[in-house]
Amino acid sequence: MSEDVRIIVVKLADRLHNMRTLSPLNKEKRILKAIETLEVYAPIAHRLGIYQIKSELEDLSFEALYPKQYTKIKEMVKEKIKLRQSQVDESIKIVSGKLKEVNIPADISGRIKSYYSIYNKISRQNRDIDEIFDLIAMRVIVEDIKSCYAALGIIHAIWKPVPGRFKDYIANPKFNMYQSLHTTIISQLGDPLEIQIRTFEMHKFAEYGIAAHYKYKEGILAPTEFDKRISWIRQLLDWQKELKDPHDYLESLKLDLFEEEIFVFTPKGKVINLPRGATPIDFAYSIHTDIGHNCIGAKVDGVMVPIESQLENGNIVEIITSKTPKGPSRDWLSIIKTSTARNKIKQWFSKEERQESYNAGRELMLKTLRKNSLSFKDIPSRIFDGVASELNYENMDMLLRNIGSHKISVHQVFTRILKKLNQESEPEKDMTIEDIASRPVTPKKTSSGVIVKGMDNVLVTIAKCCNPVPGDKIVGYITRGKGISVHRDDCNNVIMLKQNDEPRFIEVNWDSYAAYKFNAEIQIEAIDRTKLLRDITNVISEYDLNIINASTLRSNRAGNVKFRFIIEISNKYILKDIINNLRQINSVYDVYRVLPGKKES
């Protein structure tokens, strides 16, 4: 078995070297290597208890995949360490002195949690960095197990322990044979501090894992238990020989890296592996989506059980389905354990909600059309599709769904439909500068904050494709029937139009004496946490600005979040000031103005 261990350790060492020398590879290869390392190699190192390699592999992968988040976490940790280091140093002196008084030799030091581990706690557990007790921890290493418990008693006599934070991994080792005592105390400064207590032998194993496990001393697992715990290594090597397709091997490997699994059987004897705590519902979805959707009961080992019951190793499970299916229950989402079941249930409800919203939206639109003596047949599909495109929807079906879910008003959509119908029935001729100058306009439409060279009383509109604001370099374009459209001079549409239609461009300038508001769109990217949106809106509200629109996009995989705001501003310089202040918010790693095909700091 030791030979098997060495093969795996060599592979881990080789991968660590590869990750340390990623820079010569192109971006795509770096990302693929990092994903594979994070999903396969780091979990193997964790399962073998080789925490030194595991932590470095995770941090290197984290940096390659999410460089901005990595830098942000690194800066946050650096700032917190400055504040906590003196606390830890003082605590080390106190513990060292107390242990010397009772003749317990000890090696005491501090250790900093890995960046990827901190990132996981912030993003996946939705915690603030101030809530991470083991950001920096104290390690107390003593000679034997008796001294471990003696040291624990002395530490608890000095400081008050935090309830529920004590873990005895000496009496109950982790699955990878890690052993230590963990406790969290309230230090002399009133801050929580995690303390780990172990023997020198346990510490050696904690750092180097199974690779260091060739001698069995006091407190370390016996050889039979050791062989039992690492028998899965031989299985990995057997799979590599048996499975010719590397993809199949990788999938089998990923599956085996879960810490806790159970194996249950279908009535026909097929083995189904599930995470510990899985229910008959998880089992049903692992067999087939329809069986999951139609599940109304289950038999375990021939006995009827509630569908929320937890399955155990070796159970024979039979699913009872309904002859008149009604679909899953939302309550199941709080019971199930597998992502497969969760995703399939959510997809079912999402499909149902989309259909309901579509039907409601179509009904609202039909009523509005009838009130105006129209029907769907009277509206060409190109007009429906054109309105959907203007409102940033892929097609009319999606637009109707959003009407049905009240995300956009039916009146707003119908107004655009009427406008397009009128435009098609009475097309306007191409306009010249003289036409524009003589065309009557209302004060509201001319209040644009832009001066057209040599003209007054001219219809001017701000182009929505690039949303210029005072301070941007601008250019005017004589449109067909809609006056002068003002664009940023680097707008993609301007660049394209100048190639074939340059004579229609005209000089325009900002009116420095006017006090107008303009729409600007900004994007904020951050590591998700509680009260993040509140902090962002507080910064914007300090400028007494109106938020026209706001949207959120979350990435479950990475724990990141993106916000988009459309805000009213008077000039570019205020916008830059807002962006700079938003960047100072804790966990925000990028803020920029959204422009077509680019981003502006």
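Read in numbering that gives the first Met the number 0, the sequence shown has 470 at position 471, and its numbers run on one by one without any break. Glycine residues also receive a C-beta, built at the ideal position from the N, C-alpha and C atoms. These figures come from a predicted structure and were not determined experimentally.
Host alpha helix (DSSP H) of residue i (start-end)
i, result
"residue 94", "66-100"
"residue 33", "26-35"
"residue 107", "Taken as a continuous stretch (DSSP letters only), residue 107 belongs to no alpha helix (DSSP H), being part of the beta strand (DSSP E) at 106-111."
"residue 577", "571-581"
"residue 383", "380-389"
"residue 44", "41-46"
"residue 603", "Outside the displayed span of the chain (0 to 600) sits residue 603, for which this structure offers no information."
"residue 536", "531-540"
Close Cβ partners of residue i (< 7 Å) along its chain, the five nearest in sequence each way excluded
i, result
"residue 306", "278, 279, 280, 294, 296, 297"
"residue 61", "69, 114, 115, 118"
"residue 461", "447, 467, 485, 517"
"residue 15", "52, 55, 56"
"residue 685", "Nothing about residue 685 can be read from this structure; the chain reaches only from 0 to 600."
"residue 17", "32"
"residue 488", "472, 473, 474"
"residue 570", "468, 469, 470"
"residue 603", "Residue 603 is absent from the structure shown; the chain starts at 0 and stops at 600."
"residue 496", "476"
"residue 10", "none"
"residue 330", "none"
"residue 353", "400"
"residue 417", "none"
Residue i: first and last residue of the uninterrupted beta strand (DSSP E) it sits in
i, result
"residue 360", "From DSSP, residue 360 is part of no beta strand (DSSP E) but of the alpha helix (DSSP H) over 338-370."
"residue 498", "Looking at the DSSP string, residue 498 is not in any beta strand (DSSP E); the run it does join, the alpha helix (DSSP H), is 491-500."
"residue 279", "Element bounds for residue 279: not the beta strand (DSSP E) but the alpha helix (DSSP H), 279-286."
"residue 296", "294-299"
"residue 273", "270-274"
"residue 561", "559-568"
"residue 401", "Element bounds for residue 401: not the beta strand (DSSP E) but the alpha helix (DSSP H), 395-403."
"residue 522", "517-526"
"residue 594", "587-594"
"residue 449", "449-451"
"residue 334", "Careful: residue 334 lies outside any beta strand (DSSP E) and carries neither H nor E."
"residue 461", "459-461"
"residue 320", "316-320"
Candidates the options, of which the one nearest residue i by Cα
i, options, result
"residue 267", "489, 538, 318, 96", "318"
"residue 321", "292, 24, 336", "292"
"residue 311", "262, 304, 146", "262"
"residue 534", "587, 152, 313, 158", "587"
"residue 463", "501, 503, 583, 520", "520"
"residue 109", "340, 206, 137, 469", "137"
"residue 387", "22, 411, 94", "411"
"residue 314", "344, 265, 354", "265"
"residue 19", "58, 346, 504", "58"
"residue 420", "457, 405, 373", "373"
"residue 540", "573, 551, 552", "573"
"residue 349", "368, 370, 404, 301", "404"
"residue 340", "88, 284, 351", "284"
"residue 173", "497, 192, 204, 193", "204"
"residue 143", "202, 90, 193", "202"
"residue 189", "394, 161, 532, 493", "161"
"residue 565", "82, 591, 351", "591"
CB contact check: residue i to chain C, cutoff 7 Å
i, result
"residue 197", "Although the question refers to chain C, the structure presented lacks it and comprises just one protein chain."
Close Cβ partners of residue i (< 6 Å) along its chain, the five nearest in sequence each way excluded
i, result
"residue 139", "105, 107, 150, 196"
"residue 33", "60, 63, 64"
"residue 146", "103"
"residue 509", "469"
"residue 583", "none"
"residue 363", "402, 409"
"residue 593", "520, 522"
"residue 206", "51"
Close beta carbons around residue i, own chain, < 8 Å, minus the five adjacent residues each side
i, result
"residue 507", "449, 450, 451, 452, 459, 473, 474, 475, 483, 485"
"residue 168", "177, 178, 179, 180, 181"
"residue 407", "390, 398, 401"
"residue 337", "273, 274, 277, 281, 284, 285"
Proximity test, residue i beta-carbon vs the ligand COA heavy atom, cut-off 6 Å
i, result
"residue 399", "Among the components modelled here there is no ligand, and therefore nothing to report on the ligand COA."
Problem set entry | Touch test, the region 540-549 against the region 472-491, Cβ-Cβ under 8 Å, three pairs minimum | no
For this session: Specify whether the region 39-51 and the region 73-82 touch according to this definition: at least 3 beta carbon pairs, one from each stretch, less than 8 Å apart.
Result: no
Exercise. Does the region 523-539 come within contact of the region 558-565, defined as at least 3 CB pairs closer than 8 Å?
Worked result: yes
Exercise. Counting only runs that start and end within the region 132-218, where is the beta strand (DSSP E) found for 3 or more residues in a row?
Worked result: 135-141, 180-185, 191-198
Exercise. Given 8 Å as the limit, is there contact between the region 345-359 and the region 376-384, that is, 3 or more CB pairs closer than that?
Worked result: no
Exercise. At what residue ranges does the region 464-492 contain a whole run of the beta strand (DSSP E), taking only runs of 3 or more?
Worked result: 473-477, 483-487
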